[in-house]
Amino acid sequence: MSTETQQETLGFQTEVKQLLHLMIHSLYSNKEIFLRELISNASDAADKLRFEALSKDDLYEGDGELRIRIEFDSDAKTLTIDDNGIGMNRQDVIDHLGTIAKSGTSQFLSELSGDQKKDSQLIGQFGVGFYSAFIVAKEVEVITRRAGQPTSEGVHWVSQGEGEFTVATVEKAQRGTTIILHLKEEESEFADASRLRTLVRKYSDHISLPVIMQKEAAPVEEGEEPAPAEDETVNSATALWTRSKSDLSDEDYKEFYNHVSHDFQEPMKWSHNRVEGNLEYTSLLYVPAHAPYDLWNRDTPRGLKLYVQRVFIMDEADQFLPMYLRFIKGVVDTNDLSLNVSREILQKDPVVDKLKTQLTKRSLDMLGKLAKNDPEQYAKFWTEFGEVLKEGPAEDHANREKVLKLLRFASTHNDSSEQSVSLEDYIARMQEGQDKIYYAVADNYNTAKNSPHLEIFRKKGIEVLLMSDRVDEWLMGQLFDFLGKSFQDVSKGELDLGETENEEEKKAQEETAKEMEGLTERLKSSLEEQVSEVRITHRLTDSPACVVLGAYDMGMQMRKIMEAAGQAVPESKPIFEINPEHPLISKLDNEADEDRFGELALVVFEQAQLAAGGQLDDPAAYVNRLNKLLMNLIA
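In UniProt numbering, the protein residues as written are 1 to 635.
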C-alpha cells in the first residue's frame, strides 16, 4: 500500500459501540451471515454505479465489467471481498462506517432478546450488516475510492471494533471498495475455498453480477510447473426475477428476499409475474413475516427496487404501490420506462400509473389468496400489518371492496380479542330482518366488549363488531356500506334495529316514553350543562343509563386522539338515555329532594360517561359526590 496521509483516529457513535460489543461477544449461532451481507453491500454499490453512470459514463473509468471478487489467504488467515462499484470518499466512510444513520438503532438494541438466532436475524433489518464482519474478524480494513475521484483520494479505514477507527488518505488505482477481514484464530474455516464457494452459492447465487474466485489448482507432479491460476464465477450471476418460475425453488425465492429486503427472516408470501403486451414488466413482490420497526413513520423511505431493462434505477421507488401497502418488498423491472428516468419524471409518467394499478391489484390478490388458502398465516399477517391495511379504503377508492374483504375485526361472536371476523363472515351470520352492520368503537377491547350499548344486541343475539385500533373510528368515517349493507355505530344516533324489532315492541317503547316524560324533563333541566337531550332508551337491559352521540358527532376515540395531538375539537354535548326498568332510575323518579336528585342524576350521568370510555372533567368532584351518597346510605 502506498504512503498514508491525513490519518486521524475517530470514535464510533455510541450505538455502534454497543452493536460491535454484541457482534463480537454474542452472535455466534449464525455467523456465516457476514459474507451474505458484505456481498449484498457490494452488489448495491455496483447497482448505484450503473445508475449514476447513465448520465456520467466516464464514472466507469474504462472498466464497465462490474464484478465482485473474493480472495483468501489461509496462512495469513485473511478474507478479502473486493468490488468495482461506486466506492466511497472520505466523508462517506466516516458517515457510513462510523455511525448508524437509521433512527431505529436504539429500538434495534432494545429488541434484542438474548436468543442468538433471533438477534442475528435483526441485523439486516436495521441496516447494520457491515458490522457483522466483526463476528469473525479481529480487525477489519476497508480500502475504497469513489468513482470519478482522483486515484490519490483513496481512503483506508481500519478498526478492531473496540470503540474507535482510523481513517487515512491513500493512493488507489481502481475505483470501488476492498474489505479485508483479519480472521480470528477460531474462524479459519472462512479462509477455505470450498467453504466460501458453498456459502456464496447458498446465499448469493441470485446476485446479478458475477462473484469471482480463483479455481482451486490441480495437483502438480514433482518437477512440473504449476498451471497459471484461473478465475471462475461461483454464482449463477443472473437476476432471479428474470428466470422462469419453474426453474426456481422456494429456497431461491427466500434467499432473494433476504437480499432485497435485508431481512434475514423468511417471507410470509410472494408473487412472481411476467406481463407482456401493452405494458411489459416483471414483478416479484413479497409479504414480510414481521412488521419493520419504522412501519408507522410515513416519512421513512420505502418502496420497490426499480429496474429498467434489467438496469438498476433506484431503491425504494414508492410510486408503484399505495401508502397502505408500504410493507410490500420486492422488485419491478419494466421495458416501458426510459433508462434515465428520475423520481421527478416518475411522478408524471402515465406508465407509472398503469404499473401502480397492476402492482396494487397483484398485491391485494396475493393477500386475498393467503386469507383464503391459509387463514392461520393470514391471522399472523393481520397481527403485524392489519392496522396499516385499514388505511386502504380511504386511500384507494378503486380497490375499496377488495381491501374491505381483507379487513378483520373482533366481534361479540367470539370470546377473545382476536381480530378474525371478516365483513363477509358477519353478513353471512346476520339475523333475519337485519339490514345493518353494527359496530362499537372504543379505546380498548374490554371497553368495547363491556359497553352498555351492546346489551340489547346480546339480548336479541345480534352480532356487533368490536373495534379498538387507533385508526378504527377514522376508518369507519370513510365507509358507508359493504355488499349493500350500511354500517351503524351502536353509540351514535337513534337505535334502529330494523325488522328485528316487532310492532308490539315499538308500541311499548313509545308508551313508556310518554309515561316517563316528567322524569326526562326533570333530568334535562338538572343536567342542562352536560347533555343536549334526555330520552328513554330501549338499548339497555342491565345498565341504568348510557350516553349516546349525535349521528354526525365526533366519537370519543377520535376526540381523544385529536386532543392528545393538541388539535382543537368541536364542542358537542352527548344525549343521555335512561333505562326505565332499572331500580336506580325508579329511585331517581321518586326522589323529592331536588338537591339529592341533582347529585344522584350527576353521578348516574358520569358513570355512563365512564362506561362508554369517556373522561370526567372533574374526577375528584365525582368521587366526593359518590362518597356523599354512600354515607347517606350507611346512615
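Glycine included, every Cβ here is placed at the ideal spot set by N, Cα and C.
Out of 70, 346, 225, point me to the one whose CA is closest to residue 316's CA. 346
Could you tell me which uninterrupted beta strand (DSSP E) segments, each at least 3 residues in length, are contained entirely in the segment 466 to 500, listed from first to last along the chain? 485 to 489
Quick check: the segment 566 to 574 against the segment 541 to 552, are at least 3 beta-carbon pairs closer than 8 Å? yes
Given a cut-off of 9 Å on the beta-carbon distance, is the pair residue 252 and residue 206 in contact? yes
In this structure, how does DSSP classify residue 532 when only helix, strand and coil are distinguished? coil
When you compare each of 473, 448, 472 to residue 464 by their alpha carbons, which one comes out closest? 448
Under the rule that 16 or more other beta-carbon atoms within 10 Å means buried, what is residue 201, buried or exposed? exposed
Kindly list the residues whose CB is nearer than 6 Å to the CB of residue 516, restricted to its own chain and excluding five residues on each side of it in sequence; keep chain order. 536, 580
Please determine, among 70, 140, 261, the residue with the shortest C-alpha to C-alpha distance to residue 194. 70
Exposure label - residue 126; buried when at least 16 CB within 10 Å: Caution applies to residue 126, whose pLDDT of 41 falls short of 50 and renders its modelled position unreliable; the value that the coordinates give is listed next. By the neighbour-count rule (16 or more Cβ atoms within 10 Å), residue 126 is buried.
Could you spell out where the beta strand (DSSP E) holding residue 328 opens and where it closes? No beta strand (DSSP E) holds residue 328; DSSP gives it neither H nor E.
List, from N- to C-terminal side, the beta strand (DSSP E) runs of 3 residues or more that fit wholly inside the UniProt domain "Histidine kinase/HSP90-like ATPase" (30 to 187). 68 to 73, 78 to 83, 137 to 145, 154 to 159, 164 to 170, 176 to 183
Exposed or buried, which one is residue 429 when buried takes at least 16 other CB atoms within 10 Å? exposed
Close-in-space but distant-in-sequence residues of the same chain around residue 373 (CB under 7 Å, 5 per side omitted): none
Given that a residue counts as buried once 16 or more other Cβ atoms are within 10 Å of its Cβ, and exposed if not, what is residue 124? Here residue 124 scores only 44 on pLDDT, less than 50, and its place in the model is too uncertain to base an answer on.
Mind pulling the alpha helix (DSSP H) runs of 4 or more residues that sit fully within the segment 363 to 430? 375 to 389, 392 to 395, 400 to 406, 423 to 428
Take the Cβ of residue 229 as the centre, count every other Cβ of all protein chains shown within 10 Å, and call the residue buried at 16 or more, exposed below. exposed
Taking the C-alpha atoms as reference points, what is the distance between residue 302 and residue 565? 26 Å
Give the DSSP-derived three-state secondary structure of residue 296 in the structure shown. coil
Quick one: Cα of residue 555 to Cα of residue 528, how far? 21 Å
Taking only the alpha-carbon atoms, compute the straight-line gap between residue 435 and residue 570 and give it to the nearest angstrom. 31 Å
Complete runs of the beta strand (DSSP E) confined to the segment 507 to 588 [at least 3 residues]: 533 to 536, 545 to 548, 575 to 578
Leaving out five residues on either side along the sequence, give the residues of the same chain with a beta carbon under 7 Å from the beta carbon of residue 17. 163
So, does the segment 442 to 458 touch the segment 486 to 503, judging by three or more C-beta pairs under 8 Å? yes
So is residue 633 buried or exposed if we call it buried at 16+ other beta carbons inside 10 Å? exposed
Give me, in chain order, the residues of the same chain whose beta-carbon lies closer than 8 Å to that of residue 615; leave out the 5 immediate sequence neighbours on both sides. 560, 609
Measuring CA to CA, which of 393, 558, 485, 452 is closest to residue 364? 393
What whole-angstrom Cβ distance do residue 385 and residue 327 have, given they're in contact under 8 Å? 5 Å
According to the Cβ coordinates, are residue 211 and residue 67 closer than 9 Å? yes
Using three-state DSSP, classify residue 248 as helix, strand or coil. coil
In the DSSP assignment, the beta strand (DSSP E) including residue 637 goes from what residue to what residue? The question about residue 637 has no answer, for the chain in this structure spans 1 to 635.
Stretch-stretch touch, CB-based, cutoff 8 Å, three pairs: the segment 392 to 410 with the segment 280 to 296: no
Work out the CA separation of residue 425 and residue 607 for me, nearest whole Å. 34 Å
From residue 188 to residue 74, what distance separates their C-alpha atoms? 7 Å
Using a Cβ-Cβ cutoff of less than 6 Å, which residues in the same chain neighbour residue 53 once the five nearest sequence positions on both sides are dropped? 59, 60
The beta strand (DSSP E) that contains residue 315, what's its start and end? 311 to 317
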